[in-house]
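Residue numbers (numbering that gives the first Met the number 0), protein chains in the order written: chain F, 0 to 168; chain L, 0 to 168. Even for Gly, the Cβ is constructed at its ideal location relative to N, Cα and C. So the structure is just underneath, and the comments pick up after that.
Number of protein chains: 2
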Amino acid sequence: MKYGIALFPAKKLQDLANSFRMRYDSHYAWIPPHITVKEPFEVSDDNLPYITAKLREIASNLSPVEIDVYKVDTFSPQSNTIFFKIREHKTLTALYEKLHSEPFEENKKYKFIPHVTIGQDLSKDEVADIVGRLKMKKVEHHEVIDRMQLMYQLENGSWTVYETFRLGE
Amino acid sequence: MKYGIALFPAKKLQDLANSFRMRYDSHYAWIPPHITVKEPFEVSDDNLPYITAKLREIASNLSPVEIDVYKVDTFSPQSNTIFFKIREHKTLTALYEKLHSEPFEENKKYKFIPHVTIGQDLSKDEVADIVGRLKMKKVEHHEVIDRMQLMYQLENGSWTVYETFRLGE
């Protein structure tokens, strides 16, 4: 089955993200606003207890992560995703690195640029237009997230949380 | 903030439920297929640590719950909801009772009839038609669920999982 790992920010930032996502994000209905810390990876039913035990161990040995959203940005021209950009922070990098080291696959598509997606599957012109407008908006949000969520994907593309792991407990 | 507590069944049943929900359930995009064990209730930010500690305690003292789906049914004429009906089982009832006893509100709307909703906000005629057809379908699913999910609701109506509590650990 396909699993992924994400952090959910506080309701306030999720609501703000959704106010854009409802118009710009084709995955709006599939998952609440989130920060992906591990892209989809396969876990067999047999292997799941081992993976969850490992995640529990990793989580307990790490600190809660610092989330500092400071602007709207895009990966354009590499991809047409629009997102709230999150400042790099050692707590977040440490989590990401642990989730891409043994026994986990190193399934990194790109360099880790922590973000909350607010738009995707848009045309190049739409991206330029939306980002142009949103870059002028002040987007600031700070919080400490003390949990990560292991999710699995359903056939319709949506994600269900399987388990929460508390960071630093 | 508004919280709710639900069980998520295995992917197989969720996929089956979604195959109906995409056509019949107005809440399809808000939450994956689930079994509500506590209807929405308010928790203040200050009170959240106390509530989660209590839920952890309750979960650890209970057994995993037996889920036995055996037919499609409706609450009609009381409500036009269509659902997969789940057999009553003492493990499920025990969980429900604990979540409606001190310190939790007794926010029961109806008698507890465990189910996975597959349709809602339909007209009376649609309900009669759909239930008539689906009652002839064999729907059987058995599983043991060993976790419950505390979720909060976003402004757009969708739900985000806040924490998982493992039953019987």
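Shown here for residue 40(L): same chain residues with a beta carbon closer than 8 Å to its own, the five before and five after excluded, namely 1, 2, 3, 103, 104, 106 in chain order. Segment contact: the stretch 63-76 of chain F against the stretch 2-20 of chain L, fewer than three CB-CB distances shorter than 8 Å; contact not assigned. At the C-beta level, residue 19(F) and residue 118(F) come within 9 Å of one another.
Shown here, residue 27(F) sits in coil according to DSSP, grouped into three states, outside any helix or strand. Between residue 7(F) and chain L, the shortest Cβ-Cβ separation is below 9 Å.
Unbroken beta strand (DSSP E) stretches of 3 residues or longer found wholly inside the stretch 88-125 of chain F: 114-118, given in chain order. Annotated three-state conformation of residue 80(L) is coil, per DSSP.
Note on geometry: alpha-carbon atoms of residue 60(L) and residue 112(L) lie some 23 Å from one another.
Excluding the 5 residues flanking it on each side, residue 88(F) has same chain C-beta neighbours closer than 6 Å at 65, in chain order.
Interface flag for residue 28(L) against chain F is set, since a Cβ pair is found closer than 9 Å. If you check the CB distance, residue 159(L) and residue 10(F) come in under 9 Å. Neighbours of residue 55(F) in chain L, taken as residues at a C-beta separation under 9 Å, are lacking, since the least C-beta distance is about 10 Å. With contacts defined by Cβ atoms closer than 9 Å, residue 57(L) and residue 98(L) form a contacting pair.
In terms of Cα proximity to residue 90(F), the closest of 152(F), 24(F), 142(F), 162(F) is 142(F).
When CB distances to chain L are screened at a threshold of 8 Å, the residues of the stretch 133-158 of chain F falling below it are 146, 148, 151, 153, 154, 155, 157, 158, in chain order. If the five residues before and after residue 93(F) are omitted, its C-beta is found closer than 7 Å to the C-beta atoms of 61, all from its own chain and listed in chain order. It is roughly 9 Å from the alpha-carbon of residue 29(L) to the alpha-carbon of residue 153(L). Taking a beta-carbon distance threshold of 9 Å, residue 31(L) counts as an interface residue toward chain F. Interface residue (Cβ-Cβ distance to chain F less than 9 Å): residue 22(L) is not classified as such. Cα atoms of residue 78(L) and residue 136(L): separation of roughly 22 Å, rounded to the nearest angstrom. Counting along the chain, residue 54(F) sits inside the alpha helix (DSSP H) bounded by residues 47-60. In the DSSP assignment, residue 146(F) forms a beta bridge with 165(F).
Restricting attention to 167(F), 145(F), 151(F), the CA atom closest to the CA of residue 162(L) is found in 145(F).
9 Å or more divides the Cβ of residue 36(L) from the Cβ of residue 82(L). Short of 6 Å from the beta carbon of residue 75(F), and not among the five residues preceding or following it, lie these beta carbons of its own chain, in chain order: 126. Residues 38 of the same chain have their beta carbon placed closer than 8 Å to that of residue 108(F), with the five preceding and five following residues left out of the count.
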